[in-house]
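Inspection log for the structure reproduced underneath, given as structure tokens.
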Amino acid sequence: MQIICISGGGSNRTKALAGRLAHKLGYRSLNREDLLEKAIKEGIQVSKLETATIKPQMFTERLALEREYYRAFMTAFLGGLNTENGTVYSGRSGHLLFSGIDHVVKVRVVEDETARVKEVMQQLNINSKKAIRYLKDVEADRNRWTRSMYGVTLEDAAHYDVMLNLGHMSVENAATALAAIAQLPDFQLTPASKRSMEELVLGANARLLLARDERTFRANVKVRSDRGIVTVTYLPQDAGIAQIIPEVIAPLPGVRELSVTMATTNILWIEEAFEAASETYQQVVEIATKWNAAIELLQFIPQDMVGQEELITADEPAFLSQRPDFVRECIGGIEEEGEVVCEDAGFQTVQQALARLGCFGGGRRIVGGATQVVKSIDRTVPYSLIVIGNMFLAKGHSAQMRMTRQLLSYLSDQINAPVVNAEDLKSQYLFGHHDLLKLFGCLGLFSLILFLILTYQEPVLRFLSGVEFKAKALAAVAVFLFVPTMAYLYGTVARSLMKLIRME
Amino acid sequence: MHTLLGNMFVSLNLSTALQVSLLGFIGGILSGFIGSGGAFFMTPGMMNLGIPGVVAVGSNITHKFGKAMVGSRQHGKLGNVDKRLGICLILASYIGIQIAVWINSMLFKGSGDGHGAGGSAAADLYISMVFISILLFVAVSMLRDALKSRGPNGDQGPSMKIANFLARLYLPPYISFPVSDIRISLWILIAVGLATGYLAGTIGVGGFIGVPSMIYVFGVPTAVAAGTELYLAMFMGAFGALNYAFQGFVDIRLTLLLYTGSLLGIFVGVYGTKVVKEVLIRVVTGAIILLCVLSRAIAVPMYLRKIGWVSMNPHWDAYFNAASKFLLFAAGTSGTLIILFYVIRAYRQRRLIEHSLRSVQKMEPAATVHLDMSRAN
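Sequence lines, in order, name chains A and B. Be aware that the first sequence starts at -9, since it is given in the numbering used here, and climbs by one per residue. Be aware that the second sequence starts at 2, since it is given in the numbering used here, and climbs by one per residue.
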């Protein structure tokens, strides 16, 4: 069943467009107000969430949990709608709930500002100046809501399939155009997209159960689902709920396995082909153990997708064609409807090994380019580190290095977390010979300078407390240059020491 | 205590040096744990060691300069620094610092021969009074928040009265800050910048007003507020250090000794925030600050006597000083011990887990955390 998410300014024309489109296609029409009503009935404190997103300083831990509850509810409700044909949803950010799912058409509607101002003037009986200010405030609030709830901006075109300007066409024509677009093969329900939706809804339902249960509703948990394996990560302070989680999740149909992991933070490990015997695996596990982090696996299969990916240029052979067996499975993923055959031995082994170690934070696979990677990353998850392992394996060494660096740079720009490649992982996050040298070198130099200053206290202090202007200026400049150098030296000592005893 | 170059610098022996380093360590732990600069503990601590208030502030603000430089670099890597907001605040803060340094040095020089001889009681009293008023407000607010969050309605968040009141005012011109996603009136920005600078210059505690202002008044996300405050602290520290060093009030020995403790302590404190519950962090922090305020208040009669506002037997100074010193160290030490208790416990647990994991890796097949739902069903 297809879903068309229309994100507009909440005007009458946008609502009319949703209604017209639903009528044309014979779909069910839903708007934000309908869903909010259901969310309030569910017990979600929507008004508090609205206020908190406008004033981020109010975003308490409790409200952050409420946000998870709201998102899970929206995903489960919209994704789980069992209508015969499809649904047209008109709201702020429905499109962000179903990122990467093909049969969900994500539409952005923009409108003529003058028409909007007139509409608001009539609705609220205010002058044009006030109407302009009102619309600006509404737009700012909508943006804050999206940023706060999903960690992305509303204007980011990468999250939409279609953008329509209602200032340039009538509602009827816009509905006709969208109805035609919705019929395109790109937006049809396929076994793979159906499976993706089911995974998403399964994860959301699991999160909903945890939010509804009085024993677990206060716990800060993250839930993911991949091929029926539901992964729940919780914080150490919620350790008491570890035994309760399976009881709460047990009644949920569709769960093949449940993995419950305690973690303070998250590490996202992106790799093309996972290997449990690799050096990267050992290093990532070591860091995760040190930080008490859950490791989330993201298998990224680069694909030469037409017109969207600069990482792989058109003249380079598409990676897909060089691993046809694997790609066929993972793109299609399903030979017969409902039967998953997408199995990658490396991914499975790593997943199982991490689960055994108690640090598995979920896993998923994507095919595409850097944009798909960014879109697949949940911005509300606080990643402490993103590791890019071996990528672009079909390329030569130089091309591999260059493209990995490009991907790293792109992710660093888009995601608010440190991004490193496998080569830099050890030098930056694990203690090595280089750190040992730095530790002793800086400690020696700092100690020597401190010893000299304490030995010659009077001359040093006399120099620092001169009475003439020149002496005073010299003392000020000396302090200004000397202090940061010493802070850097001792800071390096302290950091290296903490790295050595694994207390970072 | 034996002094050097008049009454301005104390003579450092091994015991005093260790005490300063310990002050730095405790200040560092509290700083990492609470998220402020830790000066609320280190400045009065140094004053209790016999170091004149102005030198304690000057050395501490210099210490803060280097520390903030290292810290803001780390935050910058994580994208937690709103440079535009930082720079706007810096401009106002500079004026605040300048006012503070001027008042401090006037009070200091006015009470003696120009370099502290004859006592620094007026400056000490002034610093203590500002310290008491500001930190009393912070501690009470923090404890009230913590108590509220333990109530039936749970974590309701801080009071929005100030933010709501300011939101109703229309004070153009407004400046937009895309990194923090906020829009602020220039006048409110200047007021906060001045207050932050003034406090940083007076008691070396700018973060106590800077971070809450950015969060509660401006609406900046917490991580960005902390990163931007460090960025701001780097410039304010640099400016304060230059000013105090120019006036001859920086004791570089104290600055370096503070580093030996504080830079290690910060890591321990930050680790503590990961293993201690939010409510407990607020309670511990509020209680420590409250005890620091009490400690400083006990020292006030001494300064009042020195400037001749009250008559009191000078021999009592020793008792007041001892009581003040005891309370401060008791506050810092007990707070630090609580944090260290949790840190060490968590560290040991982690080592235990690491050990178990190594055993799991060696022994195959091993117990798995997987729960097969087909069995469960």
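Where is the CB? At the ideal position from N, CA and C, for every residue including glycine.
> From the DSSP output, which residues share a beta bridge with residue 289 (chain A)?
Replying inline: The count along the first sequence starts at 1 and reaches residue 289 (chain A) at position 299. The partner list for residue 289 (chain A) (beta bridge, DSSP) reads A:261, A:355.
>> Taking the alpha-carbon of residue 266 (chain B) as reference, which of B:25, B:313, B:311, B:336 has the nearest alpha-carbon?
In response: To locate residue 266 (chain B), count along the second sequence from 1; it is residue 265. Comparing Cα-Cα distances from residue 266 (chain B) to each of B:25, B:313, B:311, B:336, the minimum goes to B:25.
> Since residue 68 (chain B) meets chain A, which of its residues come closer than 7 Å, beta carbon to beta carbon?
Replying inline: Mapped onto the second sequence, residue 68 (chain B) falls at position 67. Here the neighbours are 477.
>> Any beta carbon of chain A sitting closer than 8 Å to that of residue 114 (chain B)?
In response: As a first step, residue 114 (chain B) is located in the second sequence; it is residue number 113 there, counting from the start. Only weak support exists for where residue 114 (chain B) lies, its pLDDT of 44 falling under 50; the coordinates are left without a value.
> Going by DSSP, which residues form a beta bridge with residue 76 (chain A)?
Replying inline: By 1-based counting over the first sequence, the position of residue 76 (chain A) is 86. A:-8.
> So with Cβ pairs under 8 Å, would you call residue 178 (chain B) a contact of chain A?
Replying inline: For the purposes of this step, residue 178 (chain B) is taken as residue 177 along the second sequence, with counting starting at 1. Judged by the 8 Å Cβ criterion, residue 178 (chain B) is not in contact with chain A.
> What are the residues of the segment 8 to 35 of chain B that lie near chain A, defined by any Cβ-Cβ distance shorter than 8 Å?
Replying inline: 9, 10, 12, 13, 18
>> Is it the case that the segment 297 to 306 of chain B contacts the segment 324 to 333 of chain B, given that we only count it when at least three CB pairs across the two stretches are under 8 Å?
In response: yes
> What residue does the alpha helix (DSSP H) around residue 203 (chain B) start on, and which one ends it?
Replying inline: Locating residue 203 (chain B) in the second sequence gives position 202, where the first residue counts as 1. 187 to 204 is the span of the alpha helix (DSSP H), which, as asked, contains residue 203 (chain B).
> Can a CB atom of chain A be found closer than 8 Å to the CB of residue 260 (chain B)?
Replying inline: Working through the second sequence from its first residue, we reach residue 260 (chain B) at position 259. True, the Cβ-Cβ gap to chain A drops below 8 Å.
> Should residue 242 (chain A) and residue 196 (chain A) be called a contact, given that it needs their Cβ atoms to be closer than 8 Å?
Replying inline: For the purposes of this step, residue 242 (chain A) is taken as the residue at position 252 of the first sequence. For the purposes of this step, residue 196 (chain A) is taken as the residue at position 206 of the first sequence. Yes, the pair counts as a contact, with Cβ atoms nearer than the cut-off.
> How many angstroms separate the CA atom of residue 95 (chain B) from the CA atom of residue 247 (chain B)?
Replying inline: Reading the second sequence from its first residue, position 94 is the one you call residue 95 (chain B). Reading the second sequence from its first residue, position 246 is the one you call residue 247 (chain B). Using only the alpha carbons, I get a separation of about 15 Å.
> Using a beta-carbon distance cut-off of less than 7 Å, what residues from the segment 2 to 31 of chain A approach chain E?
Replying inline: Absent from the structure: chain E. Protein chains present are A and B.
>> Nearest by alpha-carbon distance to residue 466 (chain A): which of B:236, B:275, B:243, B:349 is it?
In response: Taking the first sequence and counting its residues from 1, the one referred to as residue 466 (chain A) is at position 476. Closest by alpha carbon: B:243.
>> Output needed for residue 456 (chain A): all residues of its chain with C-beta closer than 8 Å, excluding positions within five of it in sequence on either side, in chain order.
In response: As a first step, residue 456 (chain A) must be located in the first sequence, where it is residue number 466. Around residue 456 (chain A): 462, 464, 465.
>> Any beta carbon of chain B sitting closer than 8 Å to that of residue 462 (chain A)?
In response: Numbered from 1 along the first sequence, position 472 holds the residue referred to as residue 462 (chain A). So yes, residue 462 (chain A) belongs to the interface.
> Per DSSP, residue 375 (chain A) forms a beta bridge with which residues?
Replying inline: Looking up residue 375 (chain A) in the first sequence gives position 385. For residue 375 (chain A), which the question treats as bridged, DSSP gives the partners A:257.
>> Checking the sheet assignment: what are the DSSP bridge partners for residue 154 (chain A)?
In response: As a working mapping, residue 154 (chain A) is identified with position 164 in the first sequence. Beta-bridge pairing links residue 154 (chain A) to A:99.
> Does residue 125 (chain B) come within less than 8 Å of chain A when only Cβ atoms are used?
Replying inline: By one-based count along the second sequence, residue 125 (chain B) stands at place 124. So no, residue 125 (chain B) is outside the interface.
>> Using the Cβ count rule (16 or more neighbours within 10 Å means buried), how would you classify residue 349 (chain B)?
In response: For the purposes of this step, residue 349 (chain B) is taken as the residue at position 348 of the second sequence. By the neighbour-count rule (16 or more Cβ atoms within 10 Å), residue 349 (chain B) is not buried but exposed.
> Which one of A:404, A:409, A:413 has the shortest CA to CA distance from residue 390 (chain A)?
Replying inline: Within the first sequence, numbered from 1, the residue matching residue 390 (chain A) stands at position 400. Of the listed residues, the one whose Cα sits closest to residue 390 (chain A) is A:413.
>> Along the segment 272 to 285 of chain B, where does the CB come closer than 9 Å to a CB of chain A? Name the residues.
In response: 272, 275, 276, 277, 278, 279
>> What does DSSP give as the partner residue(s) for residue 107 (chain A) in the beta ladder?
In response: In the first sequence, counting from the first residue as 1, residue 107 (chain A) sits at position 117. Bridge partners of residue 107 (chain A): none, in fact.
> What's the C-alpha gap between residue 55 (chain B) and residue 229 (chain B)?
Replying inline: Walking along the second sequence from the start, residue 55 (chain B) turns up at place 54. Walking along the second sequence from the start, residue 229 (chain B) turns up at place 228. Cα to Cα, the separation comes out at about 27 Å.
>> Could you compute how far the alpha carbon of residue 192 (chain A) sits from the alpha carbon of residue 172 (chain B)?
In response: One-based indexing of the first sequence puts residue 192 (chain A) at position 202. One-based indexing of the second sequence puts residue 172 (chain B) at position 171. Each residue's Cα considered, the two are about 49 Å apart.
>> I believe residue 355 (chain A) touches residue 289 (chain A) by the beta-carbon criterion, under 8 Å. Please report the beta-carbon distance rounded to the nearest angstrom.
In response: For the purposes of this step, residue 355 (chain A) is taken as residue 365 along the first sequence, with counting starting at 1. For the purposes of this step, residue 289 (chain A) is taken as residue 299 along the first sequence, with counting starting at 1. 4 Å between Cβ atoms; contact.
> Between residue 142 (chain A) and the rest of its own chain, which residues show a CB-CB distance below 7 Å, the 5 nearest in sequence each way excluded?
Replying inline: Within the first sequence, the letter at position 152 stands for residue 142 (chain A). Excluding residues within five positions, the ones whose Cβ falls inside 7 Å are 86, 136, 149, 369.
> residue 488 (chain A) versus chain B: which residues are under 9 Å apart at the beta carbon?
Replying inline: By 1-based counting over the first sequence, the position of residue 488 (chain A) is 498. Chain B residues near residue 488 (chain A): 265, 268, 269, 272.
> Where in the segment 285 to 368 of chain B do unbroken runs of the alpha helix (DSSP H), each at least 4 residues long, occur, reported from the N-terminal end onward?
Replying inline: 317 to 363
> Can a CB atom of chain B be found closer than 8 Å to the CB of residue 454 (chain A)?
Replying inline: Reading the first sequence from its first residue, position 464 is the one you call residue 454 (chain A). Yes - at least one Cβ of chain B is within 8 Å of the one on residue 454 (chain A).
>> Count Cβ pairs between the segment 333 to 353 of chain A and the segment 256 to 275 of chain A that sit closer than 8 Å; are there 3 or more?
In response: yes
>> Taking 8 Å as the threshold (C-beta atoms), are residue 10 (chain B) and residue 318 (chain B) in contact?
In response: Translated into the one-based positions of the second sequence, residue 318 (chain B) becomes position 317. Translated into the one-based positions of the second sequence, residue 10 (chain B) becomes position 9. Cβ atoms of residue 318 (chain B) and residue 10 (chain B): not closer than 8 Å.
> For the 8 Å Cβ check, are there 3 or more pairs between the segment 405 to 425 of chain A and the segment 370 to 384 of chain A?
Replying inline: yes
> Apart from the five residues on each side of it in sequence, which residues of its chain come closer than 8 Å, Cβ to Cβ, to residue 255 (chain A)?
Replying inline: Position 265 of the first sequence, counted from the first residue, corresponds to residue 255 (chain A). So the qualifying residues of the chain are 281, 282, 283, 284, 372, 373, 374.
> In chain order, what residues of the same chain lie with their CB nearer than 8 Å to the CB of residue 152 (chain A), ignoring the 5 residues before and after it?
Replying inline: The sequence position of residue 152 (chain A) within the first sequence is 162, counting from 1. So the list reads 95, 96, 97, 98, 168, 171, once near-sequence residues are dropped.
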